[in-house]
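Heads up, the thing below is written out as structure tokens.
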Amino acid sequence: MATEDAQKILADEILQDAKRKADEILSAARDEAEKFVSQAKATAQSESEKIFSEHRASAGKRAEMTLRTVEQQVARDKLHARDTVVQAALDQAAAQVVEISGEAYQEAVVRLAVAAARHMPAGDLVAKVTAAPGANLDESSLASEIVAALQKEGKTANIRVQVQPGPFKGVVVESAEGKLQWDNTFVARLRRLQPGLRRLTIPILFEEA
Numbered sequence: 074m075a076t077e078d079a080q081k082i083l084a085d086e087i088l089q090d091a092k093r094k095a096d097e098i099l100s101a102a103r104d105e106a107e108k109f110v111s112q113a114k115a116t117a118q119s120e121s122e123k124i125f126s127e128h129r130a131s132a133g134k135r136a137e138m139t140l141r142t143v144e145q146q147v148a149r150d151k152l153h154a155r156d157t158v159v160q161a162a163l164d165q166a167a168a169q170v171v172e173i174s175g176e177a178y179q180e181a182v183v184r185l186a187v188a189a190a191r192h193m194p195a196g197d198l199v200a201k202v203t204a205a206p207g208a209n210l211d212e213s214s215l216a217s218e219i220v221a222a223l224q225k226e227g228k229t230a231n232i233r234v235q236v237q238p239g240p241f242k243g244v245v246v247e248s249a250e251g252k253l254q255w256d257n258t259f260v261a262r263l264r265r266l267q268p269g270l271r272r273l274t275i276p277i278l279f280e281e282a
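In my numbering, each residue's number is its place in the sequence shown (first place is 1) plus 73.
What follows is the structure in structure tokens.
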């Protein structure tokens, strides 16, 4: 009987010891599992935030690029519209200048010839003047007026005037041998003046400071 009791006590102790070890193993396993889950959650959260941040940055960059593209297109459209208006104004001015005739054209011819002669060396010059309706263009008289105007500026030149038909009103001044030429027809003059006219016209048309 005593032996049986001793065996029973020993068995109980063994079972209790096994149970304690099992509890310790289970507790350690639960702790390890919780730790792993916690780490996994933290990693997942970190990855999630990283992905969101990357996508947000990418979306921001795309939005910024789109905005820049739109702003550039608006600027191009505005510039094109402004250029169209300015060019229309210049074309209208050119059309009005070309319509000059009569005495006003004769006076304009003298001024154009003098301006052209300023760009030519001293010596014999030929002023080729385009005929215009209603303008009494006497070659000798025009030559005298041009020479007199040049003398007032301190420039000496021998001017011979040739009145001839042509597509563009105004004057072309050439050296006697024809090697040098200054085109001062209305069309050529407006073409040279156009950049300056645009700079003057734009602030007026668009009220820019």
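No residue lacks a Cβ here, since even glycine has one placed at the ideal position from N, Cα and C.
Every value quoted in this text rests on a predicted model; they were computed, and no experiment measured them.
By the CB criterion at 8 Å, A161 and Y178 fall outside the cutoff. Annotated three-state conformation of T139 is helix, per DSSP. Distance from the CA of K252 to the CA of Q267, rounded to the nearest whole angstrom, comes to 27 Å.
Within the same chain, and ignoring the five residues on either side of A208 in sequence, the residues whose Cβ sits closer than 7 Å to its Cβ are S174, G175, Y178, Q179. Counting along the chain, E172 sits inside no beta strand (DSSP E), nor does DSSP assign it H or E at all. Nearest Cα to V202 within the set L270, W255, K151, G269: W255. Membership of E247 in the beta strand (DSSP E) is indicated by the continuous run 243-248.
Scanning the region 170-231 for uninterrupted alpha helix (DSSP H) segments of 4 residues or longer gives 175-190, 212-225, listed from N- to C-terminal end.
The residue among G227, K134, K151 with its C-alpha nearest the C-alpha of I275 is K151. Leaving aside the five residues that flank V171 on each side, the residues in its chain whose CB is nearer than 7 Å to its CB run, in chain order, K242, F259.
If you compare the alpha carbons of D164, A168, L223 with that of A190, the shortest gap goes to L223. Comparing alpha carbon positions, the residue from A230, T157, V236 closest to M193 is A230.
Here T157 is not bridged, per DSSP, to any residue.
Under DSSP, T258 forms a beta bridge with G243.
A direct Cα-Cα distance of roughly 42 Å separates T157 from A195.
Note that the C-beta distance between A200 and V147 is not below 8 Å. Rounded to whole angstroms, the gap between the alpha carbons of R129 and E144 is 22 Å.
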